[in-house]
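Everything below concerns the one structure shown next.
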Amino acid sequence: MSNRALLEVIALDVEDAVAAQAGGADRLEVITDMAADGLTPSRETFAAIRSAVDIPLRVMLRKADGFAAGDVSRLVEAAREMRAEGATEFVLGFLNPDGSADLAAVEAVVAELDGCRWTFHRAIDRAADRDQLRKALADLPGLDTYLTAGSAAGVSEGLPVLLAEAARAGEPGYGARILVGGGLGLAHVPGLRAGGVDAFHIGGAARPSGWDRPVSAAAVAEWREALG
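One gets our numbering by counting positions in the sequence shown from 1 and adding 2 to each.
Printed below as a string of structure tokens:
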């Protein structure tokens with residue numbers, strides 16, 4: 003069995019997507035508006051990226067900055083539109099004001115996904131109780147990944163949490179894969195790999211010239227080589 007790690011790269015447009023695939027990305031997270039930490043892209047952008055690359059795409063379902071769901075009907079409609087456009091994998095995650103999982107919102111969106119695979123994103127890093135959130139979501143259809151830095155402050159602060167959660171793989175609430183992202187650097191990789199983490203998510207690290215420049219295939223290739 004291969005121990006190749008999964009490398010997911012944020013793509014804002016076709017240029018990003020093509021460069022990420024050329025550099026060795028295994029999957030893309032398709033979003034718009036990084037100033038708001040990633041919102042749902044347009045149908046047209048998703049369709050153009052889907053036509054340009056042949057690696058899996060996970061589409062963000064999020065309509066506003068922050069982790070409140072807002073108007074759930076808009077999220078459900080976005081899910082419906084992206085499904086109609088051919089999307090089969092998604093990213094979402096909503097919290098209540100008290101930091102608990104907004105199960106009503108999550109369940110409404112997941113019902114529209116009809117079994118599609120999805121990631122619960124970094125809302126987990128703002129949760130009041132990570133363990134409680136994981137167990138509350140554990141039985142939802144399609145949930146196969148948590149995108150997390152282990153801390154709202156980023157991977158450097160969250161390393162102990164990430165390694166502790168990786169060690170619990172397979173326990174109730176810990177069946178989903180850990181996808182590490184959020185201030186992730188190459189220096190973090192050896193310790194995470196040694197701790198059993200096998201999935202990594204990069205955004206700014208794929209853009210050494212900044213977010214106003216496209217993904218660098220060379221930067222992605224450096225990550226691909228480091229991950230094995």
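Note that beta-carbon positions come from the ideal geometry of N, C-alpha and C, so glycine has one too.
Only a predicted model underlies this, so the values are computations on that prediction, with no experimental measurement involved.
Exposure of residue i, with buried meaning 16 or more beta-carbon neighbours within 10 Å
i, result
"G2", "Look at the range of the chain in this structure, 3 to 230, and you will see that residue 2 is not part of it."
"D127", "buried"
"R64", "buried"
"S153", "buried"
"P43", "buried"
"S2", "With the chain covering only 3 through 230, there is no way to say anything about residue 2."
"E227", "exposed"
Residue i - DSSP class collapsed to helix/strand/coil
i, result
"M3", "In this prediction, M3 has a pLDDT of 36, which is less than 50 and means its spatial position is unreliable; nothing more can be read from the coordinates."
"H190", "helix"
"I57", "coil"
"I51", "helix"
"R64", "coil"
"I180", "strand"
"L9", "strand"
"A138", "helix"
Nearest candidate by alpha-carbon position, reference residue i, set the options
i, options, result
"G172", "G68, P162, T147", "T147"
"V222", "R60, A27, A7", "A27"
"G205", "R45, R195, S158, V217", "V217"
Run of the alpha helix (DSSP H) containing residue i, from where it starts to where it stops
i, result
"V163", "157-169"
"M84", "74-86"
"E224", "219-229"
"L115", "105-115"
Span of the beta strand (DSSP E) around residue i
i, result
"T147", "145-150"
"R119", "119-122"
"A201", "201-204"
"I31", "Ile is not the amino acid found at residue 31; the sequence shown has Glu there. Residues 29-32."
At least three beta-carbon pairs within less than 8 Å, the region 49-61 to the region 12-23: When Cβ pairs closer than 8 Å are counted between the two stretches, the region 49-61 is seen to touch the region 12-23, the count reaching three or more.
The region 205-214 in contact with the region 164-178 per 3-pair CB rule at 8 Å: Output reads no: the region 164-178 does not touch the region 205-214.
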